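> Take 31 as the starting number for the sequence shown in the working numbering and just add one per residue.
Every residue, glycine too, gets a C-beta built ideally from N, C-alpha and C.
A quick note: this is a predicted structure, and the numbers were derived from the prediction, not measured.
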Amino acid sequence: MSEGYPSGGTRITMAIESRECGVVSKPCADLALDRLLLQSIGETIHVLLGDKPQQVLFERLDDDFHLKREEIPDRLGDFQRALTALLGAGSPVLTRAIIRNLCSKLEIPFVRKDEYDFEAYVADCIRRSQVRPDSE
31 MSEGYPSGGT RITMAIESRE CGVVSKPCAD LALDRLLLQS IGETIHVLLG
81 DKPQQVLFER LDDDFHLKRE EIPDRLGDFQ RALTALLGAG SPVLTRAIIR
131 NLCSKLEIPF VRKDEYDFEA YVADCIRRSQ VRPDSE
């Protein structure tokens with residue numbers, strides 16, 4: 031399920047029931063997904079670009095695009111547009127690497143789909159991680 035946000039981005043939420051986590055109306059499942067996504071982003075950028083470029087990238091996201099690291103899960107489209115502006119043709123390589131990392135954390139296979147943007151990949155990962163074959 032997705033909800034529109036004023037920034038034009040989309041917030042992807044998991045369609046499962048969960049108790050509240052003490053954060054204003056954010057279910058535990060969403061917090062866990064946000065954490066996995068942010069870990070995947072941070073780890074991938076660190077591995078591909080290194081410490082200093084990672085730091086500079088997050089500073090530029092904040093300074094130039096008013097996008098704080100912790101806001102990325104709520105502003106996936108803005109994140110992708112910012113990466114494209116900053117990295118140009120390298121942006122799809124980085125976003126696919128982030129999605130590969132997220133798939134690994136969700137224990138699902140990475141499926142490359144050229145027509146997908148970052149937001150669609152994240153939504154697909156969430157959907158596929160919730161569909162598990164019944165144990166026999």
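Whose C-alpha, out of L97, Y151, L116, R157, is nearest the C-alpha of P83?
Locating residue 83 in the sequence shown gives position 53, counting from the first residue. Here the closest residue by C-alpha is L116.
> I need the DSSP call for V141, collapsed to helix, strand or coil.
The sequence position of residue 141 within the sequence shown is 111, counting from 1. Residue state, collapsed to three classes: coil.
> Which residue from D64, L63, R65, S70 puts its Cα closest to that of L124?
Taking the sequence shown and counting its residues from 1, the one referred to as residue 124 is at position 94. Out of D64, L63, R65, S70, S70 has the C-alpha closest to the C-alpha of L124.
> Give me the Cβ distance between P103 and L132, rounded to the nearest whole Å; I'm assuming they're in contact under 8 Å.
In the sequence shown, the residue the question calls residue 103 occupies position 73. In the sequence shown, the residue the question calls residue 132 occupies position 102. Contact flag wrong, Cβ pair sits at about 11 Å.
> Does the beta-carbon of L124, which I'm using as the reference point, lie nearer than 8 Å to any heavy atom of the ligand ATP?
The ligand ATP is absent from the structure shown, which contains no ligands of any kind.
> Taking just the CA atoms, how far does L91 sit from A112?
Here residue 112 refers to the residue found at position 82 when the sequence shown is read from its first residue. Here residue 91 refers to the residue found at position 61 when the sequence shown is read from its first residue. Straight-line Cα distance between these residues: approximately 7 Å.
> Please give me, in chain order, every unbroken run of the alpha helix (DSSP H) with length at least 4 that falls completely inside the segment 54-132.
You should have 58-79, 81-95, 106-117.
> Taking the beta carbon of R65 as the centre, do at least 16 other beta carbons fall within 10 Å, making it buried, or is it exposed?
As a working mapping, residue 65 is identified with position 35 in the sequence shown. Answer is exposed; the Cβ neighbour count stays below 16.
> Nearest by alpha-carbon distance to K135: which of L97, F148, I75, S159 is it?
Taking the sequence shown and counting its residues from 1, the one referred to as residue 135 is at position 105. Answer by Cα proximity: S159.
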